[in-house]
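The sequence shown: position 225 = 225 (UniProt numbering), numbered continuously. For glycine and all other residues, C-beta sits at the position ideal for the given N, C-alpha and C.
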Amino acid sequence: MSEILTDDQVANLIALLRADVSIDTKVQQVTVVKSSIKQHMVPESCIVPVFEALHLASSSQHALLVNAGFTALNHLFTRLVRQDPRSLTKEGTRALPLIVEKLGDQKEKFRQLASQALATLYKVAPVEVERSVRNIAMVGKNARAKEASLHWLLQMHQEQGLQFRAYVPTMMELLEDADGMVRDVAKSTVIELFRNAPGPAKSDLKKQLKNFKVRPAIEQAIVKELNPTSSAPASQPDPESVEPSYVNTTRELDEIFREMHGYFEGKETEQNWLKREESVTKLRRLIAGNAATDFHDQFLTGLRALLDGIIKAVVSLRTSLSKEGCSLIQEIAKAYGPAMDPMVEILMQTFIKLTAATKKIASAQANTTVDTIISKVTYNNRIMQHVWLACQDKNVQPRLYASGWLRTLLAKEAHHKNHVEHTGGLDLIEKCIKKGLSDANPGVREKMRATYWMFAGVWPAKAEAIMNGLDSTAARLLQNDPNNPKSPKKPEGGARPGLGLSKSTMGTSKPSVREAMMAQKRAMTTKTVPTRPGSAMSHFSPAKSVSSLSQPPPAAPTVRARPESAMLGSTGGISGAPMRPGRRKVETARPATAGPYSVRSHDQPSAEQTSPPSRPKPKAVTPKSITSSPKRTAPKMARSATVSGEPQLPTPTRAGSPKVMGSPRATPSRSVPPTVAPPSSSPSKRHEDFSLVVPIMTSSASPPREEQRFVKPVEDEDMDMSPSDTPSKPGQHSPDAPASPPQTVAAVDEEPISITTPLRSVEVAVPSPPSASRSLEVYEDPLTREQLTTPKLIFGPVLEDRSVNEDAAILQQAVRQQQEQQQQQQQQNGAANGMALSPEKLKQNQRLLDSGISKVQQRSLDVHGFRKLQGIIRDSDTKPTTGTALLTDDKFDALVAGLFDFLESPLTNLAPEKTQDVKAQVLATIKLLLKRTRASFQPHVSRGLESLLRARAVYEGRTHIVSGLELLAADLAGLGDASEIVLVLCRMLSDLDVDSAAHAAAGGVGGGAGRSLSMGLHVLREMLDARGAAFVPSDAELAALAALAGGCLESLESAVRMDAVLLCVALHARVGDARFWEALKGVKEDPKSLITYYIVKRQREVGAAGVGQAA
């Protein structure tokens, strides 16, 4: 058991803590002192030394010693609270900095001990503790200390009743702290502190949140948590309901109304209409919250004072503002009911006038609002007078809506008839119903009939008198109205009452007399064609030569087109619904032993139809394009049936008019009866499928069951196939007409066949037995396809070298050209439209541009910053209103220089995966500047090429950014002065040592210098090829290029050597043979041979291309 502390023991402990001894010894002695403090009183003479010793232990760098010392200090505070509070006040205040520091310790245990020590010390020195927490812990840079101090504040408020009003500004700042955990703890602390606070305190909190500009998400979360739950409405039936908002005091409510009055003064402008809409929405939110319940009279008084402004919002031409105003009046009526009676008169006038608006949304909202007002407020005679005025309005919409308002009024006042009768309302209701039943608009009459029968349920005698005063037609329609409780059961599909007997209002339409007569005439026409006899070689084709095609066709009977829905429901006959004429009789199929010129039916069995011609079969067939029927591919051996010498027997047709041949196979998804036309006319529906069919028959020597080959039909939906311009064709086929044999070859000599659509697939069909039902198969003649095929000429050597990514480069170039054209067109359109930047926007862009240039020069701009900078550069094309250019010459030069420095900088401060993204944005910004201000880029070409070459050294060839660097280098080379580019690049590339050991070790094979050198040679070669004859190097430039190429030809890197050879080839094309070899006289023989080979190869390629173009 431990003993009471003595002065010598405490002095030895202090000496031991300051001496250089083991940590375990120090921890053991501190633990002994802690046990003595826990079990015995601390002598008064030992209080100050013990504080000093434990302070030394708690300030140590060793965790074990800190743990022992800080826990002992906490026990000392607990002991002295009971033993000697005065000494604790004096000595504990000195320990406050140490305790506050421990609030931000990394270990949770020490933070809890520090919070406990502050709570103990608060009992004896509350002012000092609060000052330390508020001025040190909460405003420091340690996030853990801020969290611990917030937890301590909430604990002291709940346990000791600490007044937290002085902490509110500090907590508002912590709500916007950079650390997310601090913001969350501050939010939860504010919510718990103000949860049970009085209303004024909550109102003050809302002001503080606005004053400190706390982010809206945190503000809304706090306000929502502090909202009362008991005053909220039980349900919100409106699907467009708003989030509830709550007020805590009448003063807060008055301030809200006082602020809104300024927005509704004067006329509506571009500056105040949005504030008006927000104010109306705020009022709706207050109604959804507790304003209408907790502050009933005050809120209603504020609404009455603001009524003129609300009406201005209702009659606004802006739909969103008007809609919000109507919704506000509806919610006021629902929330207050009869309490809003003083406002009803002006509201009824406003909304009934608004129902006549041309905007459907505004009219419908006004109708709903009037209906809601009538259903909620107290009835008086003025309401009926407004309804009566609406029934007499010259616009149809108020008259149409008035019947609904009357029904609402009748439903509400059905149990208070005396009140309506004694105030004169019954007479007005009768006048409204009479006026509506005799209205000129059928819709108003129909709506008023429903109102009449509701009126009849309340005042039957009055309703009977109204019925007796109607004419016979109106009375019959009124009796047959569906709302009549004694109305007979109307058959389904009957005419809708009040809309007449027009065809559009009938559910099941009946045929007109004209249609019935046309159906009979078509039926009689089909009887004139005799039935096809069953004997072989007999037919009834019309004796008409091909020359008759040039004659005008006979006029086809005019048939009124019917909608497809009516065709589907037709049943035939005069008494049924309108129908398309029935099919003609299906003739008996020709037997298989018929002659070679007969056309057999491949789709239907040879069955003779015995039914009358005017009666179609239950399953109607639809003329269908042959291309939509499934193909049947014959075995490969069947292809030998095609003989090149067999005659072709096409059906004669007029040029430009397709041959029509529908497949008689029934379509499962669309069963529409076909149209039967007279024999002298062809089917001529514009929306039907038409196909060009040219049958090719075999020779007469072939067996009867020989396969037949057809040209695949080509659909042409754009041709106008009217009956007037489609001649009668002897070979015309239809699903219902008998098949006539095609004309002979001799009959086709007078007019050629016109086929404008290329023929495609070639297949041979295996014939099926005559009794089998199958689709008609049409095929192409392979000889015709061979004649139409034109071989593609190939110029140049077949085995020439091609770039691997040639297609991708061409595509990328085409996309880039298209984007440039679109951008130029947009700039021209913008200049034509006179777009201009406002002074505020210009000032903001100038400030952002200066900041962006500064960050680019400091190499600290991130990816998002570059994108913002690119947007500002795009805006610089727009002319400002002040006449001051956004991107001046000085700013442009500084920005371009900074971008090139940024591009070649290694950016060691960024992660490797982020460096390439930033460099890509730098490159995109330079390209944008080049595209927008190409003329101003001239002085920066040489500097830019050097930067691009240095940047190329960092990336492998497979990296995506390399292609961007090469494209930008090509653009710059084409823009700058050729002589300057040659001298600058030759000087730079000559200083690169590709084969040194340092470069090889740093960048692999060749290192970064090899990549830069290879790209530089490539840029020089591309520039020489692009400039062509316009640029001939001088002697100095030729010497520099030759020296650079000669040095690279001796390199160990194959890529560098190859680029040097290609540069030499391009240089030879510019300066000629003599000057070129004179400049390269110092090169060895092996490189010379290689250069000679590529020079000869290029000359051959150029010659072959010239021959191809001449051909």
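How would you call residue i, buried or exposed, if buried means at least 16 neighbouring beta carbons within 10 angstroms?
i     : result
R1057 : buried
D20   : exposed
M260  : buried
H386  : buried
M181  : exposed
G1028 : exposed
N12   : exposed
P1033 : buried
H296  : exposed
Y1093 : exposed
D341  : exposed
E913  : exposed
N196  : exposed
Q106  : exposed
S22   : exposed
D7    : exposed
Q921  : buried
G944  : buried
Taking the straight line between their C-alpha atoms, what separation do you get for residue i and residue j?
i     : j     : result
A63   : V190  : 34 Å
K353  : I872  : 49 Å
V124  : K90   : 10 Å
M156  : A119  : 7 Å
L842  : Q870  : 15 Å
E219  : S149  : 22 Å
P169  : K224  : 20 Å
A1055 : P1087 : 14 Å
N909  : F902  : 13 Å
P469  : E331  : First, the residue type needs correcting, since residue 469 is Gly and not Pro in the sequence shown. G469 and E331: Cα-Cα distance of roughly 41 Å.
L410  : V396  : 22 Å
G161  : T301  : 39 Å
D104  : R215  : The identity of residue 104 in the sequence shown is Gly, whereas the question assumes Asp. Cα-Cα distance, rounded: 26 Å.
E243  : E278  : 13 Å
V1065 : R874  : 41 Å
L899  : R1100 : 44 Å
Q112  : T319  : 59 Å
S35   : I4    : 10 Å
G404  : N480  : 20 Å
Find the nearest neighbour of residue i within the set the options, judged by alpha-carbon distance.
i            : options                   : result
S979         : L96, L965, A1030          : A1030
E252         : P126, K267, A72, L286     : L286
residue 1136 : S1054, E1053, F351, A1039 : Residue coverage of the chain in this structure runs from 1 to 1111, which leaves residue 1136 outside it and unanswerable.
V27          : A339, A68, A970           : A68
P338         : I374, H415, N290          : I374
W459         : L426, S905, M343, L347    : L426
T933         : F892, R958, I23, Q921     : F892
G457         : Q392, A474, L923, R407    : R407
E345         : A519, I311, D294          : I311
M988         : A1026, E946, A970         : E946
For the ligand ADP, any of its heavy atoms closer than 7 Å to the Cβ of residue i?
i    : result
A402 : Absence of the ligand ADP is noted for the structure shown, with no ligands found whatsoever.
For residue i and residue j, which I take to be in contact (beta-carbon distance under 8 Å), what is that distance rounded to the nearest angstrom?
i            : j    : result
V50          : V81  : 15 Å between Cβ atoms; not a contact.
L1013        : L983 : In fact, because the Cβ distance is near 17 Å, the residues do not count as touching under 8 Å.
residue 1166 : A95  : An answer regarding residue 1166 cannot be provided, because it is not within the stretch 1 to 1111 covered by the chain.
A313         : L321 : 5 Å
G1047        : S990 : 7 Å
L975         : Q938 : 7 Å
Entirely within the stretch 890 to 920 and at least 4 residues each: give me those alpha helix (DSSP H) ranges in chain order. Listed in chain order, there is nothing to give.
At which residue ranges does the stretch 2 to 39 contain complete alpha helix (DSSP H) runs of 4 or more residues, listed in the order of the chain? If you keep only unbroken alpha helix (DSSP H) runs of at least 4 residues inside the stretch 2 to 39, you get 7 to 18, 23 to 39.
Inside the stretch 404 to 438 only - beta strand (DSSP E) runs reaching at least 3 residues: none
At which residue ranges does the stretch 289 to 320 contain complete beta strand (DSSP E) runs of 3 or more residues, listed in the order of the chain? none
Of all the alpha helix (DSSP H) runs that stay within the bounds of the stretch 77 to 109, which reach a length of 4 or more residues? 85 to 94, 96 to 102
Report the residue ranges of all alpha helix (DSSP H) runs contained in full by the stretch 1021 to 1099; include only those spanning at least 4 residues, in chain order. 1035 to 1049, 1054 to 1071, 1073 to 1079
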